[in-house]
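Asker: Read left to right, the sequence shown gives residues 8 to 377 (my numbering).
Ideal placement from N, C-alpha and C gives every residue a C-beta, glycine not left out.
Here the structure is a predicted model, which is why all the values come from computation and not from measurement.
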Amino acid sequence: MGYDDLYPPQRLATAQRAAAEAGLDALLISPGSDLRYLTGYHAHAQERLTLLVLPAQGEPTLIVPTLERPAAEASPASRTGVRIVDYPDGTDPYPLVARALAGPVRTVGLGNRMWAEQVLALRAALPDATQRLAGDVLRALRLRKSPAEVAALREAGAAIDAVHARMAEWLRPGRTEAEVAADIAGAIREVGHARADFAIVAAGPHAASPHHDSSDRPIGVGEPVVVDIGGTMPSGYCSDSTRCYVLGTPPPEFVDHYRVLHEAQRAAVAAVRPGVTAEAVDAVAREVITEAGYGAAFLHRTGHGIGLDGHEDPYLVAGNALPLEPGMAFSIEPGIYLAGRHGARIEDIVVCTPDGVERLNTTSRELVQL
Ligand code: ZN
Ligand code: ZN
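See below:
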């Protein structure tokens with residue numbers, strides 16, 4: 008799989024057309040997933056301005072600090088036809104933005120996660136332009152993954168599955184959550200991720216908090232452990248998978264919760280197909296858990312989209328009537344959280360296909376006894 012498949016050079020032209028249709032005269036995109044999506048350039052966010060200036064009509068320009076010019080030229084961005092303009096340290100880069108636009112603009116779309124200091128500097132540099140969110144345009148493009156993007160997510164899913172498969176190496180009574188999490192983070196890189204993004208190891212009562220940060224508490228025998236892990240592959244695409252483990256024999260009531268959760272996750276995955284809405288999939292998971300009497304213990308939405316960001320559209324949540332389409336990739340991760348006792352979550356990344364769904368995580372979803 009080549010970079011041209013993953014980051015096709017024609018994406019800039021597609022985004023230009025989408026911007027024009029949305030009534031935006033230009034998109035202004037700083038480092039982050041939008042810049043990488045559009046150009047393949049993986050620039051790190053810093054105080055020096057790096058900015059893709061993408062007019063709805065006309066030539067795109069990538070403004071970079073002079074010291075970053077070689078990196079920009081070596082990146083896939085150089086194959087998109089974008090003009091690279093650099094500025095030396097100590098000079099003001101913002102006048103370059105107006106110059107790159109080569110004419111007055113009324114409305115610009117700014118990258119949704121641009122730093123506030125850049126937003127305000129761009130307002131001063133383009134005083135006649137109304138600022139909007141570029142995400143209004145880019146969301147629709149990024150939402151449906153290309154076959155190359157799905158392949159990159161499949162590769163990420165297989166990599167994180169390989170880490171879950173090794174859990175018995177690390178998860179032992181008496182070791183702390185933090186010790187286990189550190190081992191997992193190392194393994195996430197060993198299996199091919201460029202970076203470990205998170206390793207949640209939540210044992211016993213800690214598992215009742217969905218985003219518990221691994222602590223120095225030793226893991227006890229009989230305690231269910233929620234392990235939610237993910238990273239970013241060299242391709243830029245992310246992994247995210249949760250499994251539950253128990254050292255020894257779990258409490259009987261947990262076994263009952265887990266059976267309900269397992270069924271909720273299975274039913275929600277089975278509900279995924281084109282035309283079904285994002286909120287309908289959430290409702291399927293919620294109904295199973297609510298009917299079993301644990302509705303109030305399912306504290307969060309059923310899932311989030313995934314791609315170049317670990318969390319992105321579409322969100323599987325009540326109120327999101329977006330119909331699913333082939334190529335949309337997201338997590339299905341219902342949970343049951345009982346404060347002071349324990350918690351459980353099962354999470355797979357899935358992709359909507361023309362006739363249903365493909366799971367990108369395939370390790371056993373049974374409670375794993377170690
Ligand atoms: Zn997730
Ligand atoms: Zn997760």
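Take ALA172 and list the residues in its own chain whose beta-carbon comes closer than 8 angstroms to its own, dropping the five residues that flank it on each side.
Answerer: Numbered from 1 along the sequence shown, position 165 holds the residue referred to as residue 172. Once the five neighbours on either side are set aside, the close Cβ partners of ALA172 are THR370.
Asker: What residue range does the beta strand (DSSP E) around THR256 cover?
Answerer: Along the sequence shown, read from residue 1 onward, the residue named residue 256 stands at position 249. Note, THR256: premise wrong, no beta strand (DSSP E); not H, not E.
Asker: CB-CB under 7 angstroms to ASN119, same chain, minus the five flanking residues each way: which ones, in chain order?
Answerer: Residue numbering aside, residue 119 sits at position 112 when the sequence shown is read from its first letter. Excluding residues within five positions, the ones whose Cβ falls inside 7 angstroms are LEU140, ALA141 and GLY142.
Asker: What does DSSP give as the partner residue(s) for ARG139 in the beta ladder?
Answerer: Counting from one through the sequence shown, the residue named residue 139 turns up at place 132. Looking at the DSSP assignment, ARG139 forms a beta bridge with GLY116.
Asker: CB PRO341 to CB VAL283, shorter than 8 angstroms?
Answerer: Residue 341 sits at position 334 when you count from the first residue of the sequence shown. Residue 283 sits at position 276 when you count from the first residue of the sequence shown. In this structure, VAL283 does not lie closer than 8 angstroms to PRO341 by Cβ.
Asker: Going by beta carbon distance, what residues of the same chain come within less than 8 angstroms of VAL288, once the five residues before and after it are set aside?
Answerer: Within the sequence shown, residue 288 is the residue found at index 281, counting from 1. Same-chain partners within the cutoff: ALA275, ALA278, VAL279, THR309, GLY310, LEU323, LEU331 and ILE339.
Asker: For ASP247, count neighbouring C-beta atoms within 10 Å of its own C-beta (all shown protein chains included) and say buried if the count is 16 or more, exposed if not.
Answerer: On the sequence shown, position 240 is the one that residue 247 refers to. Under this definition ASP247 is a buried residue.
Asker: Is there a Cβ of chain D sitting closer than 8 angstroms to that of THR284, yes or no?
Answerer: Of the chains in the structure shown, none is chain D; there is only one protein chain.
Asker: Contact between the stretch 153-163 and the stretch 172-192: three or more CB pairs below 8 angstroms?
Answerer: no
Asker: Which residues in the same chain have their Cβ closer than 8 angstroms to the Cβ of LEU19, if we skip the five residues on either side of it in sequence?
Answerer: Residue numbering aside, residue 19 sits at position 12 when the sequence shown is read from its first letter. Closer than 8 angstroms at the Cβ level, and outside the excluded window around LEU19, lie LEU45, THR46, LEU61, PRO67, THR87, GLY88 and VAL89.
Asker: Taking 7 angstroms as the cut-off, is the beta-carbon of GLU354 closer than that to any non-hydrogen atom of ligand 2?
Answerer: On the sequence shown, residue 354 is found 347 positions in, with the first residue counted as 1. Flag set: Cβ of GLU354 near ligand 2.
Asker: Pick from ASP263, PRO231, ARG224 and ILE313: whose alpha carbon is nearest that of TYR244?
Answerer: Within the sequence shown, the letter at position 237 stands for residue 244. The option with the nearest alpha carbon to TYR244 is ILE313.
Asker: Is the beta carbon of ASP143 within less than 7 angstroms of some heavy atom of ligand 1?
Answerer: Sequence index remark: in the sequence shown, residue 143 carries index 136 (1-based). ASP143 Cβ: outside cutoff for every heavy atom of ligand 1.
Asker: Rank VAL198, GLY39 and ALA169 by C-alpha distance to the C-alpha of HIS49 and give the top, closest one.
Answerer: Along the sequence shown, read from residue 1 onward, the residue named residue 49 stands at position 42. Comparing Cα-Cα distances from HIS49 to each of VAL198, GLY39 and ALA169, the minimum goes to GLY39.
Asker: In terms of residues, what are the limits of the alpha helix (DSSP H) holding ALA325?
Answerer: Against the sequence shown, residue 325 aligns to sequence position 318. Note, ALA325: premise wrong, no alpha helix (DSSP H); not H, not E.
Asker: What did DSSP end up calling ILE353 once you bin it into helix, strand or coil?
Answerer: As a first step, residue 353 must be located in the sequence shown, where it is residue number 346. Coil, per DSSP.
Asker: Any chance the CB of HIS171 is under 7 angstroms from a heavy atom of ligand 1?
Answerer: Here residue 171 is taken as the residue at index 164 of the sequence shown, counted from 1. No - ligand 1 has no heavy atom lying nearer than 7 angstroms to the Cβ of HIS171.
Asker: What are the complete beta strand (DSSP E) segments, minimum 3 residues, inside the stretch 142-217?
Answerer: 202-210
Asker: So does GLY97 have its beta carbon nearer than 7 angstroms to some heavy atom of ligand 2?
Answerer: Numbered from 1 along the sequence shown, position 90 holds the residue referred to as residue 97. No, ligand 2 has no heavy atom inside 7 angstroms of this Cβ.
Asker: Any idea what DSSP makes of THR309, helix, strand or coil?
Answerer: For the purposes of this step, residue 309 is taken as the residue at position 302 of the sequence shown. Looking at THR309 - three-state DSSP - the assignment turns out to be coil, as it is neither helix nor strand.
Asker: Are the Cβ atoms of LEU367 and GLY164 separated by less than 8 angstroms?
Answerer: On the sequence shown, residue 367 is found 360 positions in, with the first residue counted as 1. On the sequence shown, residue 164 is found 157 positions in, with the first residue counted as 1. The answer is yes: Cβ separation under 8 angstroms.
Asker: So, with DSSP's three-state summary, where would you put TYR14?
Answerer: Here residue 14 refers to the residue found at position 7 of the sequence shown. The answer is coil: DSSP assigns TYR14 none of H, G, I, E or B.
Asker: With a CB to CB cut of under 7 angstroms and the five nearest residues on each side skipped, what residues in its chain are close to ASP93?
Answerer: Your numbering for residue 93 matches position 86 in the sequence shown. For ASP93, where only same-chain residues beyond five positions count, the Cβ hits under 7 angstroms are VAL71, PRO72, THR73 and ARG76.
Asker: Should GLU354 be labelled buried (16 or more other beta-carbon atoms within 10 Å of its own) or exposed?
Answerer: Sequence index remark: in the sequence shown, residue 354 carries index 347 (1-based). GLU354 should be labelled buried.
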